[in-house]
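Undergrad: Right, I'll just put the structure down here and ask away after.
Residue numbers (this note's numbering), protein chains in the order written: chain L, 16 to 285; chain G, 16 to 285; chain P, 16 to 285.
Right under this line is the structure:
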């Protein structure tokens, strides 16, 4: 699997795919810089007057609901429709799903709308997004990871999407093209200080879009690359300020040797 | 007073209060990172469709008018009403008050509207906000600090709020709960390079909200912590770029020893 | 010419001109920090309710269409009208001109509207903005630089503006006040890693506004200062994260010695 990740990273750096982002105000700068550092070409655009054109030549669309309102919801919905019309992948980052009715309802609406979808979220957002279906299974859940995995399986079934659950351990759930079953990979990369930088998850969603644009549509490569870069950065960081700076450097520097050294990947089932 | 500040910081790091921010586009990222680095949990949200829910579980609300327009003004007003309904503290950062009629009028409207209010601003904004009342006293003012202190006293009387005037020397004015009089504390922390980073004052307002959420409603702890962190950062900084990075690290690292070493606090009157 | 640049920088640091920016969400923070680091005073404001006041005391207006929509287009147009009414320079950054019909049409509308105009863009944006006029000449263009220079000449003629084409080599085209001819200067400063930071061009546009506010209206000083600062920063940078931090430090530190050491300027014709 390390070879698959490295090939995807090489493809990304060679093809420099254009990733259209409709994301929140807080992380627009970070997300653009993370995409540039890894080798992709970010565009932040939201107007309906140009979205059809943009999606015709974009590699993928990233939708992040972090600072959502009724005006932006319709812009996002329109962009997803244009992605569908152009057979492009959509990455949905349902920020704060569960924290308000608006966010939960909007996340479900977009999950339904997108035809080629990857959902990237943390455990509580995944559980909130899956809602009752997952909760009914979750009653017997041993821990929050189990509850989130149950919820992720439910999302795969409901929306035909792939799912990345990020956290101390990341889980990547994707439909196996051959068997039709669900592959679950677990990643133990990253660093405890990463959640102290705003928009780490948002950066992961952006990178997921970049990898999807070059055909790596499981979400695994993005989670591995950000996790490894985070570890590389943490070795040089004295706090969240220097971690953020080092992380962009690490995304830029990351190569096969660094990936080999740091990658902690375990296939849970295939 | 150092013990009060340290206790508040420990409370903040333990409770990780949720601080809802409606702030300007320029500093959303900084403010979120400053809150995370010090140990709080930031949410940037503005939609009226979720603000009632948000304020029901938030610890405090921070309103910053830096990039204001008629749409955002009504969102901010609605959020303040929700904070009032939930007995939550509101921190107002009247960015650019005095620079345009719109900003001055909006700052006064919000000061009137918020029932539990801390105003955090620089001297000229405080003077502009207080307006004629302060100017009538300010004619005899020996320097801008005196004029700003007069204005701050007027604001306390008019709005029943606490006031933080930030500058080379910070002043923290609060109603003494027991005597009913006004306590004025002065802080000589900070560094001359801090104003060369955009949004330093905005970060102070955000931190003021975080401390208010754990019961430190004078504004003193936030001003002390940011000032001390700024000094710690400046020792390692070669310019405003590295200062900004080091400041987040310092907010994360700041402990009792650093506070003891750096704090330059003088009670002007009590 | 180095003396002209150094004089402009000294003037800027002494006068600290107020630069009003209506720019995109992605780079508001960067642009404000670049302006502060070099010594200017940034304001990010967009409301029509305060723009007339703002432009009455501002030194220059910077318009950047990076995250454009129909609401912001009218705000930008109104601000340009206020700049005209106050005889203030306007810097236009036509981000993504050519990438969508909306961006191309809006860029042309603003170029027409601004009475005292500097256009700062990369080669492809300049070529797209000039459109058919330039393309008819561009058929014989030897390379993209030649095509962009042809396009820039067409823009000067059509809009009576000055033009900065940024890229590996920057070109600065301005009307010579005495001869009435066009001066073309070329700069070989900067570093290959600079395009990996989002908003480098936007920072250049912001700096161009700051220099215009102190009377350096060709765009040369801004391009020289950012290029030299970029080289100084790159000497200390391990990737785009540290480059961004070092760049702000370098803008702050840049002095006559650094300018002398790094400036690589060649007058192409006068």
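We treat Cβ as the ideally placed atom computed from N, Cα and C, and that holds for glycine.
Between residue 109 (chain P) and residue 94 (chain P), what straight-line distance do the alpha-carbon atoms span, to the nearest angstrom?
TA: If you number the third chain from 1, residue 109 (chain P) lands on position 94. If you number the third chain from 1, residue 94 (chain P) lands on position 79. Roughly 16 Å between the two C-alpha positions.
Undergrad: According to the Cβ coordinates, are residue 224 (chain L) and residue 77 (chain L) closer than 8 Å?
TA: Indexing the first chain from 1 puts residue 224 (chain L) at position 209. Indexing the first chain from 1 puts residue 77 (chain L) at position 62. Residue 224 (chain L) is a Cβ neighbour of residue 77 (chain L), given a cutoff of 8 Å.
Undergrad: Is it the case that the Cβ atoms of residue 256 (chain L) and residue 263 (chain G) are separated by a distance below 8 Å?
TA: Stepping through the first chain from its first residue, residue 256 (chain L) is reached at position 241. Stepping through the second chain from its first residue, residue 263 (chain G) is reached at position 248. Cβ atoms of residue 256 (chain L) and residue 263 (chain G): closer than 8 Å.
Undergrad: Of all Cβ atoms in chain L, is any one closer than 8 Å to the Cβ of residue 205 (chain P)?
TA: Taking the first residue of the third chain as 1, we reach residue 205 (chain P) at position 190. Not flagged as an interface residue toward chain L: residue 205 (chain P), since no C-beta distance is shorter than 8 Å.
Undergrad: Answer yes or no: do residue 267 (chain L) and residue 254 (chain P) have a C-beta to C-beta separation smaller than 8 Å?
TA: By 1-based counting over the first chain, the position of residue 267 (chain L) is 252. By 1-based counting over the third chain, the position of residue 254 (chain P) is 239. The Cβ atoms of residue 267 (chain L) and residue 254 (chain P) sit closer than 8 Å to each other.
Undergrad: What did DSSP end up calling residue 267 (chain G) once you bin it into helix, strand or coil?
TA: Taking the first residue of the second chain as 1, we reach residue 267 (chain G) at position 252. Looking at residue 267 (chain G) - three-state DSSP - the assignment turns out to be helix.
Undergrad: Alpha carbons only, please: which of L:138, L:119, L:101 and L:114 is nearest the one belonging to residue 228 (chain L)?
TA: For this step, residue 228 (chain L) is matched to residue 213 along the first chain. Ranking L:138, L:119, L:101 and L:114 by Cα distance to residue 228 (chain L) puts L:101 first.
Undergrad: Give the interface partners of residue 268 (chain P) over in chain G, defined as CB-CB distance under 9 Å, in chain order.
TA: Reading the third chain from its first residue, position 253 is the one you call residue 268 (chain P). Under the 9 Å cutoff, chain G gives 253 and 254.
Undergrad: Which residues bound the beta strand (DSSP E) around residue 135 (chain G)?
TA: For this step, residue 135 (chain G) is matched to residue 120 along the second chain. It spans 132 to 137 - the beta strand (DSSP E) in which residue 135 (chain G) sits, taken as one unbroken run.
Undergrad: Jot down the residue ranges of each uninterrupted alpha helix (DSSP H) in the segment 176 to 203 of chain P, minimum 4 residues, whole runs only, in chain order.
TA: none
Undergrad: Here's the rule: buried if 16 or more other CB atoms are within 10 angstroms of the residue's CB, otherwise exposed. What is residue 111 (chain P)?
TA: By one-based count along the third chain, residue 111 (chain P) stands at place 96. Buried: at least 16 other Cβ atoms inside 10 Å.
Undergrad: Does any residue of chain G bring its CB to less than 8 Å from the CB of residue 65 (chain P)?
TA: If you number the third chain from 1, residue 65 (chain P) lands on position 50. Cβ-Cβ to chain G under 8 Å: yes for residue 65 (chain P).
Undergrad: What residue from L:274, L:258, L:72 and L:35 has the CA that sits closest to residue 82 (chain P)'s CA?
TA: The sequence position of residue 82 (chain P) within the third chain is 67, counting from 1. Distances from the CA of residue 82 (chain P) to each of L:274, L:258, L:72 and L:35 were compared; the closest alpha carbon is that of L:35.
Undergrad: Per DSSP, what kind of secondary structure is residue 155 (chain P) in: helix, strand or coil?
TA: Start at 1 with the first residue of the third chain, and residue 155 (chain P) comes out as number 140. At residue 155 (chain P), the pLDDT of 45 sits below 50, so the modelled position is not reliable; the number obtained from the coordinates is stated separately. The three-state reading of DSSP puts residue 155 (chain P) in coil, since its state is none of H, G, I, E or B.
Undergrad: From residue 11 (chain P) to residue 177 (chain L), what distance separates their C-alpha atoms?
TA: No answer is possible for residue 11 (chain P): it lies beyond the span of chain P, which begins at 16 and ends at 285.
Undergrad: From the DSSP output, read off the bridge partner residues of residue 56 (chain L).
TA: Taking the first residue of the first chain as position 1, residue 56 (chain L) is located at position 41. Answer by DSSP bridge pairing, in chain order: L:33.
Undergrad: Express the C-alpha separation of residue 141 (chain L) and residue 163 (chain G) in angstroms, rounding to a whole number.
TA: The residue labelled residue 163 (chain G) in the question sits at position 148 within the second chain. The residue labelled residue 141 (chain L) in the question sits at position 126 within the first chain. Spanning the two alpha carbons is a distance of roughly 50 Å.
Undergrad: Considering just the uninterrupted stretch of the beta strand (DSSP E) at residue 75 (chain L), what are its terminal residues?
TA: Looking up residue 75 (chain L) in the first chain gives position 60. That run of the beta strand (DSSP E) goes 75 to 79.
Undergrad: Measure the beta-carbon distance from residue 235 (chain L) to residue 17 (chain L) and round it to whole angstroms, keeping in mind my assumption that it falls under 8 Å.
TA: Position 220 of the first chain, counted from the first residue, corresponds to residue 235 (chain L). Position 2 of the first chain, counted from the first residue, corresponds to residue 17 (chain L). About 10 Å separates the two Cβ atoms, so there is no contact after all.
Undergrad: Taking 7 Å as the cut-off, does the CB of residue 114 (chain G) come closer than this to any heavy atom belonging to the ligand ATP?
TA: By its list of ligands, the structure shown contains no ligand whatsoever, and the ligand ATP lies outside what it can speak to.
Undergrad: Counting C-beta neighbours from all protein chains within 10 Å, is the total for residue 165 (chain G) 16 or more, i.e. buried, or is it exposed?
TA: Working through the second chain from its first residue, we reach residue 165 (chain G) at position 150. With 16 or more other Cβ atoms within 10 Å, it is buried.
Undergrad: Only counting the same chain, and skipping five residues up and downstream in sequence, which positions put a Cβ closer than 7 Å to that of residue 232 (chain P)?
TA: Numbered from its first residue, the third chain carries residue 232 (chain P) at position 217. Hits under 7 Å: 104, 133 and 177.
Undergrad: What span of residues does the beta strand (DSSP E) with residue 284 (chain P) cover, start to end?
TA: Counting from 1 along the third chain, the entry for residue 284 (chain P) is found at position 269. Start and end: 280 to 284.
Undergrad: Measuring straight from C-alpha to C-alpha, what distance separates residue 271 (chain P) and residue 21 (chain P)?
TA: For this step, residue 271 (chain P) is matched to residue 256 along the third chain. For this step, residue 21 (chain P) is matched to residue 6 along the third chain. Those two C-alpha atoms are separated by around 7 Å.
Undergrad: Tell me the rounded alpha-carbon separation between residue 91 (chain L) and residue 39 (chain L).
TA: Position 76 of the first chain, counted from the start, is the residue given in the question as residue 91 (chain L). Position 24 of the first chain, counted from the start, is the residue given in the question as residue 39 (chain L). Taking the straight line joining both Cα atoms gives about 11 Å.
Undergrad: Quick one, which of G:68, G:174, G:139 and G:199 has its alpha-carbon nearest residue 128 (chain G)'s?
TA: Looking up residue 128 (chain G) in the second chain gives position 113. Of G:68, G:174, G:139 and G:199, the residue nearest in Cα terms is G:174.
Undergrad: Could you check whether the Cβ of residue 68 (chain G) sits closer than 8 Å to any Cβ belonging to chain L?
TA: As a first step, residue 68 (chain G) is located in the second chain; it is residue number 53 there, counting from the start. Residue 68 (chain G) counts as touching chain L.
Undergrad: Taking C-beta pairs closer than 9 Å, name the residues in chain G that residue 108 (chain L) reaches, listed in chain order.
TA: Locating residue 108 (chain L) in the first chain gives position 93, counting from the first residue. The CB of residue 108 (chain L) never comes closer than 9 Å to any CB in chain G; the least such distance is about 14 Å.
Undergrad: Given residue 72 (chain G), which residues of its chain have a CB within under 7 Å of its CB, disregarding the five upstream and five downstream residues?
TA: Position 57 of the second chain, counted from the start, is the residue given in the question as residue 72 (chain G). Cβ within range, chain order: 33.
Undergrad: Less than 8 Å between the C-beta atoms of residue 214 (chain L) and residue 46 (chain L), yes or no?
TA: Against the first chain, residue 214 (chain L) aligns to sequence position 199. Against the first chain, residue 46 (chain L) aligns to sequence position 31. Yes.
Undergrad: Assuming residue 238 (chain L) and residue 202 (chain L) are in contact, meaning their beta carbons sit under 8 Å apart, how far apart are those beta carbons, in whole angstroms?
TA: Counting from one through the first chain, the residue named residue 238 (chain L) turns up at place 223. Counting from one through the first chain, the residue named residue 202 (chain L) turns up at place 187. With a Cβ gap of about 5 Å, residue 238 (chain L) and residue 202 (chain L) count as contacting.
Undergrad: Listed in chain order, which residues of the segment 42 to 61 of chain L have Cβ atoms closer than 8 Å to some Cβ of chain P?
TA: 43, 44, 47, 48, 51, 52, 57, 58, 59, 60 and 61
Undergrad: Would you please state the rounded distance, in angstroms, between the beta carbons of residue 288 (chain G) and residue 117 (chain L)? I believe it to be under 8 Å.
TA: Shown here, chain G extends from 16 to 285; a query on residue 288 (chain G) therefore has no answer.
Undergrad: Would you call residue 123 (chain G) buried or exposed, if buried means 16 or more other Cβ atoms sit within 10 Å of its Cβ?
TA: Within the second chain, numbered from 1, the residue matching residue 123 (chain G) stands at position 108. Flag for residue 123 (chain G) reads buried.
Undergrad: Counting only beta-carbon separations shorter than 8 Å, does residue 220 (chain L) have a partner in chain G?
TA: To locate residue 220 (chain L), count along the first chain from 1; it is residue 205. No, no contact with chain G.
Undergrad: Between which two residues does the beta strand (DSSP E) carrying residue 107 (chain G) extend?
TA: Here residue 107 (chain G) refers to the residue found at position 92 of the second chain. Run containing residue 107 (chain G): 104 to 108, per the beta strand (DSSP E) assignment.
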